[in-house]
Amino acid sequence: MGNPLKAATSIMEPHSTIKFTFYVIFQAIAVYVNLYYLIPKYLEKSRFAAYISLLLLTVTGASAMIVTGYYLAPFVTGKTMNEIFGHNNCLFFFFSNALPSTLASMTLAMSIKLTKNWIQANRRRQLLEKENLETELNFLKNQINPHFLFNTINSIFFLIHKNPDRASDSLAKFSELLRYQLYECNDKQIPLSKEIDHLENCIELEKLRLNENVAVSLSIEPPFAEHLSIAPFILMTFVENAFKHVSRHTGEANWINIRLHLRGQHLDFTVGNSTDHAAMPQMGAHGGIGLKNVQRRLDLIYPGRYSLNVRSGASAYEANLQLELAAAAQPALLQKIG
Numbered sequence: 002m003g004n005p006l007k008a009a010t011s012i013m014e015p016h017s018t019i020k021f022t023f024y025v026i027f028q029a030i031a032v033y034v035n036l037y038y039l040i041p042k043y044l045e046k047s048r049f050a051a052y053i054s055l056l057l058l059t060v061t062g063a064s065a066m067i068v069t070g071y072y073l074a075p076f077v078t079g080k081t082m083n084e085i086f087g088h089n090n091c092l093f094f095f096f097s098n099a100l101p102s103t104l105a106s107m108t109l110a111m112s113i114k115l116t117k118n119w120i121q122a123n124r125r126r127q128l129l130e131k132e133n134l135e136t137e138l139n140f141l142k143n144q145i146n147p148h149f150l151f152n153t154i155n156s157i158f159f160l161i162h163k164n165p166d167r168a169s170d171s172l173a174k175f176s177e178l179l180r181y182q183l184y185e186c187n188d189k190q191i192p193l194s195k196e197i198d199h200l201e202n203c204i205e206l207e208k209l210r211l212n213e214n215v216a217v218s219l220s221i222e223p224p225f226a227e228h229l230s231i232a233p234f235i236l237m238t239f240v241e242n243a244f245k246h247v248s249r250h251t252g253e254a255n256w257i258n259i260r261l262h263l264r265g266q267h268l269d270f271t272v273g274n275s276t277d278h279a280a281m282p283q284m285g286a287h288g289g290i291g292l293k294n295v296q297r298r299l300d301l302i303y304p305g306r307y308s309l310n311v312r313s314g315a316s317a318y319e320a321n322l323q324l325e326l327a328a329a330a331q332p333a334l335l336q337k338i339g
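Taking this note's numbering, the leading residue of the sequence shown gets 2, the next gets one more, and so forth.
Given below as C-alpha cells:
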C-alpha cells in the first residue's frame, strides 16, 4: 500500500496550497478580531454604527488579503494566472470566492459565539432568580442595621440639648435615610444621584458618634447626573466598614478618606481609613462577611465589569472599586440581574 499521507499531500497543487493558506490565515484573523474585539467593545455596548463600519472594514480587508494569494501562485508554479485560474480578474476572485467565504466563516463563528453568550446569560439569570428568592427576605431585614439605628437615635437625642440646630439637621437626614431604605431603593437599579445622597446622609450620621480626633474626608467629582444607574447599597458596605474599624488613637492621626470619581460611565470609588494594628486580628483583616457579600453581589450584577482591590497594612486599610455603570435609559436588562 502507498503512504496515505503522501497521497493526500499530492492532491494539493502548489497554487491550491497557497490559496488554502491565505484563506485560513486571514479568515482566522477576521474571526478573532470580530469575536474578541469588535463584539465586546462595540456590539455588546450597543455601539452599532461603529460595529457595522469596523466589521465591514475587517471583512473587506481580510478578503482583499486572500485575493493576494491568487497573485502569488504564478511565482510558485511558473504559470500565468490565466493558465491556472482561467482569468486574472481580481474583482472576480474577490466577489466570487474571497468575500462570500469570509462572510460565511464569520457568520458561523459569530452564531456560535452569540449562542454561547445567550446560554451563559440564561444560566446566570436562572441562578440570580434562585438566589434572589433565598436572599430577598434577609436583604430587606438587613437594610436597616439595628445597631446603627439605635446609635443614631441616641446621638441625636443627646445632640438636642447640646446643639439643637445640628440635631434638627441630623434628624432630617435620618428621616431621608429611612425613607430611602424603606421606599426608594426597591428597584434593582436606582439613579446614581440617589445613592450618592444616601451615602452622604449616612456619613453625616456616622460622624455624630465619632470622636473629634477622627478626621473624615469626602471627595465627589464631578457632579453626578441622573442618566447613570447603580445597584443600591453597593457602595455603602465599604463606608460602614471604614467607620466600624477606624482607629481610635489618642494623640495620633485617625482618619477616614472617601473618594468617588466618575469618568464617563466608569466609577472609581476608594475608601480608606487608619487602623489599629493590635486590633486587626480580631477584625478579620477588616471586611469579613460584609465585604464577601458585596463582592458576591458584584459578581452577579456586574460580571466582567468591575475590579475590587483591597490593601491592608499595619496602620491603614484601603478598598478600591472600579465599576462600569449602566445608563438609566437602559434599565430593563440590568433590573433582571440586579
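Think of the CB as a built atom: it goes at the ideal place given N, C-alpha and C, for glycine as much as any other residue.
Since the structure is predicted, the reported quantities are computational estimates derived from the model, not experimental observations.
- Assigned with DSSP and collapsed to three states, residue 321 falls in strand.
- Residue 173 is not a Cβ neighbour of residue 157, given a cutoff of 8 angstroms.
- Counting only runs of 3 or more residues that sit fully inside the segment 158 to 225, the beta strand (DSSP E) segments are 215 to 222, in chain order.
- In the three-state reduction of the DSSP assignment, residue 64 falls in the helix class.
- For residue 24, same chain residues with a beta-carbon under 7 angstroms away, outside a window of 5 residues either side, are 67, 102 in chain order.
- With fewer than 16 other beta carbons inside 10 angstroms of its own, residue 293 counts as exposed.
- Judged by DSSP in its simplified three-state form, residue 271 adopts strand.
- By DSSP's assignment, residue 262 forms a beta bridge with 222, 269.
- A straight line joining the alpha-carbon of residue 43 with that of residue 37 spans about 11 angstroms.
- Taken through DSSP and simplified to helix, strand or coil, residue 307 comes out as strand.
- When 163, 150, 243, 256 are compared, the shortest CA-CA separation from residue 214 is found for 256.
- Within a 10 Å sphere around the beta-carbon of residue 261 sit 16 or more other beta-carbons, which makes this residue buried.
- Distances from the alpha-carbon of residue 108 to those of 51, 128, 31, 121 put 31 closest.
- Less than 8 angstroms separates the beta-carbon of residue 199 from that of residue 178.
- Taking the C-beta atoms as reference points, residue 120 is found no nearer than 8 angstroms to residue 70.
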